[in-house]
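Number of protein chains: 2
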Amino acid sequence: MPGRNQQFVLDALTRSERPMGAYELLELLRQEGLRSPLQIYRALDRLIEEGLVHRIESLSAFALCVHSECTHGRAAFAICANCGRASEVHDPALERVLRRIARRQGFRTKSATVELSGLCEACAHR
Amino acid sequence: MPGRNQQFVLDALTRSERPMGAYELLELLRQEGLRSPLQIYRALDRLIEEGLVHRIESLSAFALCVHSECTHGRAAFAICANCGRASEVHDPALERVLRRIARRQGFRTKSATVELSGLCEACAHR
DNA sequence: TTGACGAACGTGATAACATAACATAACGGA
DNA sequence: TCCGTTATGTTATGTTATCACGTTCGTCAA
Ligand SMILES: [Zn+2]
Ligand SMILES: [Zn+2]
Ligand SMILES: [Zn+2]
Ligand SMILES: [Zn+2]
Chain A
1 MPGRNQQFVL
11 DALTRSERPM
21 GAYELLELLR
31 QEGLRSPLQI
41 YRALDRLIEE
51 GLVHRIESLS
61 AFALCVHSEC
71 THGRAAFAIC
81 ANCGRASEVH
91 DPALERVLRR
101 IARRQGFRTK
111 SATVELSGLC
121 EACAHR
Chain B
1001 MPGRNQQFVL
1011 DALTRSERPM
1021 GAYELLELLR
1031 QEGLRSPLQI
1041 YRALDRLIEE
1051 GLVHRIESLS
1061 AFALCVHSEC
1071 THGRAAFAIC
1081 ANCGRASEVH
1091 DPALERVLRR
1101 IARRQGFRTK
1111 SATVELSGLC
1121 EACAHR
């Protein structure tokens, strides 16, 4: 059901400790026979639709969802500029605040991008 | 002091109703003699450093700061998928929540990207 | 004045990210 | 089988961003 290429991409992201770019995935998956960017992007699009993968805008990269089936555009990320790891966060208080901001100006939110950039605990402590 | 090219870019963004891409700016500023992407990107980098312009990650575009001299990475945006306008929001409650999220995992935030995508009030009502 | 220096600028090439256009194969139900 | 849908493959191209290198220009001290 997932489709062959989707499974390859999903596996690669699962093995990775950090978000990966599409061309990085392509490089890795050449061994499996994937040859063109489009094959990667199509697989990513579907995985994102299914809520298994998130796109990290500030990195132009893609990360496995730590839940399974996160609805689109509801996760926040803390991204370490040093080690590259991105930790996914779900916070009801954050969602409330974002809803309030939207409501105040009559904005109908379809999806939200929340990305903190900085240093993770491990990297900050040295 | 702002530099000639920075002023051109700043003026263009001021006249624009919505965020502009770097190549869109380039196109517009050809008349002024700007010819290469780098001229645009350099000007944008400086304007961003000075807090006069924000980069909108989810659009790969750039918007004039509605305040003057917004410290880097502290603004949120509500971006209309229909008309393209991006409204800049500053919300103390949002900043508190983001600080709390960071603190919980010992994350040292350098900057935050918060972008809502959806429909603005005008566009939702028709 | 002059020359040293750094900041801003100019240009061409190239890297990195993403999609268009078109063709083919695989699958499943009428 | 026939048809429609979904997944796939390939080439070319479009869009966004940076590198490497050289030049111009203002400032300031000798
Ligand atoms: Zn998720
Ligand atoms: Zn780290
Ligand atoms: Zn601002
Ligand atoms: Zn609108």
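Here the protein sequences line up with chains A and B, keeping their order.
For the first sequence, the working numbering assigns the number 1 to the initial residue and increments by one for each residue that follows.
For the second sequence, the working numbering assigns the number 1001 to the initial residue and increments by one for each residue that follows.
C-beta: ideal position from N, C-alpha, C; glycine also.
Please read these numbers as outputs of a predicted model, since none were measured by experiment.
In the same chain as arginine 1046 of chain B, and ignoring 5 residues on each side of it, the C-beta atoms closer than 6 Å to its own belong to Gln1006, in chain order.
The distance from the Cβ of isoleucine 56 of chain A to that of alanine 86 of chain A is about 6 Å, consistent with a contact at the 8 Å cut-off. Assignment of serine 58 of chain A by DSSP, reduced to helix, strand and coil, places it in the helix class. For cysteine 80 of chain A, DSSP records a beta bridge to A/Gly118. Inclusion of isoleucine 1079 of chain B and glutamate 1115 of chain B in the CB contact set at 9 Å is warranted, their separation being smaller than that value. Only Val1089, Asp1091, Ala1093, Leu1094, Arg1096, Val1097, Leu1098, Arg1100, Ile1101 and Ala1102 from the region 1088–1102 of chain B bring a Cβ to less than 9 Å from some Cβ of chain A. Within the DSSP bridge table, the entry for alanine 63 of chain A names A/His54 as partners. Residue pairing by DSSP places valine 97 of chain A in no beta bridge whatsoever. Burial is judged here by how many other beta carbons sit within 10 angstroms of a residue's own beta carbon; serine 117 of chain A has at least 16 and is buried. Residue-level contact check: glycine 1118 of chain B touches chain A, since one or more beta carbons of chain A fall below 9 Å from its beta carbon. The count of Cβ pairs closer than 8 Å, one atom from the region 97–109 of chain A and one from the region 33–46 of chain A, stays below three, leaving the stretches out of contact. Chain-ordered, the chain A residues with CB closer than 8 Å to the CB of serine 1058 of chain B read Glu57 and Thr113. Within the chosen limit of 8 Å, ligand 1 reaches the beta carbon of alanine 75 of chain A through at least one heavy atom.
Linking leucine 1025 of chain B to leucine 1013 of chain B through their CA atoms gives a straight-line distance of about 8 Å.
In terms of beta-carbon proximity, cysteine 1070 of chain B stays away from the interface with chain A, with every pair separated by 9 Å or more. Listed by position along the chain, the residues with Cβ atoms less than 7 Å from a non-hydrogen atom of ligand 2 are A/Cys80, A/Asn82, A/Cys83, A/Arg85, A/Leu119, A/Cys120, A/Ala122 and A/Cys123. Under the DSSP assignment, alanine 12 of chain A falls in the alpha helix (DSSP H) whose first and last residues are 4–15.
Secondary structure at glutamate 88 of chain A: strand, using DSSP grouped into helix, strand and coil.
By the criterion of a C-beta distance shorter than 8 Å, arginine 74 of chain A is surrounded in its chain by His90, Glu95, Ser111 and Ala112, once the five residues flanking it on both sides are discounted. Within 8 Å of the C-beta of glutamate 88 of chain A there is at least one heavy atom belonging to ligand 1. Note on geometry: alpha-carbon atoms of alanine 76 of chain A and alanine 63 of chain A lie some 12 Å from one another. Here glutamate 1032 of chain B has Phe1008 as same chain residues with Cβ atoms under 7 Å from its own Cβ, once five neighbours each way along the sequence are excluded.
For leucine 1052 of chain B, the closest C-alpha among the options B/Asp1011, B/Glu1069 and B/Ala1061 is that of B/Glu1069.
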